[in-house]
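Undergrad: If you're matching them up, the sequences are chains D and P in order. Counting in numbering that gives the first Met the number 0, the first sequence runs from 0 upward without gaps. Counting in numbering that gives the first Met the number 0, the second sequence runs from 0 upward without gaps. From the three backbone atoms N, C-alpha and C, an ideal C-beta is built for every residue, glycine too. Input: one structure, supplied below.
2 protein chains.
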Amino acid sequence: MDEIKSADDAGKLAELYKAFADETRVRIMISLGEGAKCVGDIASATGVSQSAVSHQLKTLKYANLVSCQRDGRVITYELADDHVRTIINMGLDHIHE
Amino acid sequence: MDEIKSADDAGKLAELYKAFADETRVRIMISLGEGAKCVGDIASATGVSQSAVSHQLKTLKYANLVSCQRDGRVITYELADDHVRTIINMGLDHIHE
DNA sequence: TATAAACATGAACGATTGCTCATATGTTCA
DNA sequence: TGAACATATGAGCAATCGTTCATGTTTATA
Numbered sequence: 000m001d002e003i004k005s006a007d008d009a010g011k012l013a014e015l016y017k018a019f020a021d022e023t024r025v026r027i028m029i030s031l032g033e034g035a036k037c038v039g040d041i042a043s044a045t046g047v048s049q050s051a052v053s054h055q056l057k058t059l060k061y062a063n064l065v066s067c068q069r070d071g072r073v074i075t076y077e078l079a080d081d082h083v084r085t086i087i088n089m090g091l092d093h094i095h096e
Numbered sequence: 000m001d002e003i004k005s006a007d008d009a010g011k012l013a014e015l016y017k018a019f020a021d022e023t024r025v026r027i028m029i030s031l032g033e034g035a036k037c038v039g040d041i042a043s044a045t046g047v048s049q050s051a052v053s054h055q056l057k058t059l060k061y062a063n064l065v066s067c068q069r070d071g072r073v074i075t076y077e078l079a080d081d082h083v084r085t086i087i088n089m090g091l092d093h094i095h096e
């Protein structure tokens, strides 16, 4: 336990963490931590423009960190799985020592 | 558990994950996961130039992810704490589904 | 003290990133 | 069908990043 397992995968790992390496994306993920939301609600909750949110959601979706579902003209996004929450909480633990 | 705790801290969190968002730095941290090493050994273990390793170690040290200790003209680096291992393993879990 | 070894550092440059602005796509409803 | 709403997308640009190359700093040893 708490022992590094793979000596490879460094590239994929870096790719994964790149998705967490931006304040806007973190805000979006934290916001989605409260529950599924549509793009407009994410934008107002985070104070980021609709366009910027949409661009970042694309990045998060590509990284398999969020999933979405269309319902009429509204598209609802949610965190892909509990790994996302866990990774964020792990980071918060580290920050708060 | 597995519930996002803080609604703020987004900036600091992004800063933390930026340190993991580069393949070279991940390679260095995985290498240090095997145990403490000097700069030259890290360079040969990762196949990265001494200069690049040194630059990245500075970044990792600034992020409090590694610590170092001078012994003569050799400087030995090691992972700062088990959070680093945990964060990397968490990422590997996510990658390997 | 002069030299070499181990590491750090600064400048410079190409590559990537995240935003804005304008516009396109898709959907509902009158 | 046409207007309005929700979201996505592409171009363009400033900012950040990671490397290399050259050189500086610190320590040991002849």
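(1) Taking CB distances under 9 Å as the criterion, tell me whether G46 (chain D) reaches chain P.
(2) If you measure beta-carbon to beta-carbon, which residues of the region 5-35 of chain D are closer than 7 Å to chain P?
(3) How is R72 (chain P) classed by DSSP in three states: helix, strand or coil?
(4) Between the region 45-55 of chain P and the region 77-96 of chain P, do at least 3 Cβ pairs fall closer than 8 Å?
(5) Listing by chain order, which chain P residues have their CB less than 8 Å from the CB of D92 (chain D)?
(6) Determine the direct distance from the alpha carbon of A13 (chain P) to that of L26 (chain D), and round the result to whole angstroms.
(7) Check whether the region 60-75 of chain D touches the region 26-41 of chain D, taking contact to mean three or more Cβ pairs, one atom from each stretch, closer than 8 Å.
(8) Grab me the residues of I74 (chain P)'s own chain with a C-beta within less than 8 Å of its C-beta, minus the 5 sequence neighbours each way, in chain order.
(9) Beta carbon of L78 (chain D), beta carbon of L15 (chain D): below 9 Å?
(10) Can you tell me which of the three DSSP states E22 (chain P) falls into?
(11) Cβ atoms of K17 (chain P) and A20 (chain D): under 9 Å apart, would you say?
(12) If you follow the alpha helix (DSSP H) that G34 (chain D) is in, where does it begin and where does it stop?
(13) Can you tell me the Cβ-Cβ gap for A9 (chain P) and E22 (chain D), rounded? I've got them flagged as a contact below 8 Å.
(14) Do the CB positions of Y76 (chain P) and A35 (chain P) come within less than 9 Å of each other?
(15) For a quick check, are the C-beta atoms of I86 (chain P) and I86 (chain D) less than 9 Å apart?
(16) Between the C-alpha atoms of R84 (chain P) and E96 (chain D), what's the straight-line distance to the nearest angstrom?
TA: Reading off the structure:
(1) For the purposes of this step, residue 46 (chain D) is identified with residue 47 of the first sequence, where counting begins at 1. Closer than 9 Å: no.
(2) Those would be S5, A6, D8, A9, G10, K11, L12, A13, L15, Y16, K17, F19, A20, D21, E22, V25, R26, I29, G32, in chain order.
(3) Translated into positions along the second sequence, residue 72 (chain P) becomes position 73. R72 (chain P) sits in coil when the DSSP states are folded into three classes, being neither helix nor strand.
(4) With contact defined as three or more Cβ pairs closer than 8 Å, the region 45-55 of chain P and the region 77-96 of chain P are not in contact.
(5) As a first step, residue 92 (chain D) must be located in the first sequence, where it is residue number 93. Close to D92 (chain D), with beta-carbon spacing below 8 Å, are these residues of chain P in chain order: H82.
(6) Here residue 26 (chain D) refers to the residue found at position 27 of the first sequence. Here residue 13 (chain P) refers to the residue found at position 14 of the second sequence. Sequence check: residue 26 (chain D) is Arg here, not Leu. Approximately 9 Å between the Cα atoms of the pair.
(7) Three or more Cβ pairs drawn from the region 60-75 of chain D and the region 26-41 of chain D lie within less than 8 Å of each other, which places the two stretches in contact.
(8) Counted from its first residue, the second sequence places residue 74 (chain P) at position 75. Only C37, V38, C67, Q68 meet the Cβ criterion.
(9) As a first step, residue 78 (chain D) is located in the first sequence; it is residue number 79 there, counting from the start. As a first step, residue 15 (chain D) is located in the first sequence; it is residue number 16 there, counting from the start. Cβ atoms of L78 (chain D) and L15 (chain D): not closer than 9 Å.
(10) One-based indexing of the second sequence puts residue 22 (chain P) at position 23. E22 (chain P) falls in the helix class under three-state DSSP.
(11) For the purposes of this step, residue 20 (chain D) is taken as residue 21 along the first sequence, with counting starting at 1. For the purposes of this step, residue 17 (chain P) is taken as residue 18 along the second sequence, with counting starting at 1. Pairing A20 (chain D) with K17 (chain P) gives a Cβ-Cβ distance under 9 Å.
(12) Walking along the first sequence from the start, residue 34 (chain D) turns up at place 35. That residue, G34 (chain D), is in no alpha helix (DSSP H); it is neither H nor E in DSSP.
(13) Looking up residue 9 (chain P) in the second sequence gives position 10. Looking up residue 22 (chain D) in the first sequence gives position 23. The beta carbons of A9 (chain P) and E22 (chain D) sit about 5 Å from each other, so the pair counts as a contact at 8 Å.
(14) As a first step, residue 76 (chain P) must be located in the second sequence, where it is residue number 77. As a first step, residue 35 (chain P) must be located in the second sequence, where it is residue number 36. A35 (chain P) sits close to Y76 (chain P), with the two beta carbons spaced by under 9 Å.
(15) Taking the first residue of the second sequence as position 1, residue 86 (chain P) is located at position 87. Taking the first residue of the first sequence as position 1, residue 86 (chain D) is located at position 87. Yes, the Cβ-Cβ distance between I86 (chain P) and I86 (chain D) is below 9 Å.
(16) Taking the first residue of the second sequence as position 1, residue 84 (chain P) is located at position 85. Taking the first residue of the first sequence as position 1, residue 96 (chain D) is located at position 97. Taking C-alpha positions only, R84 (chain P) is separated from E96 (chain D) by approximately 15 Å.
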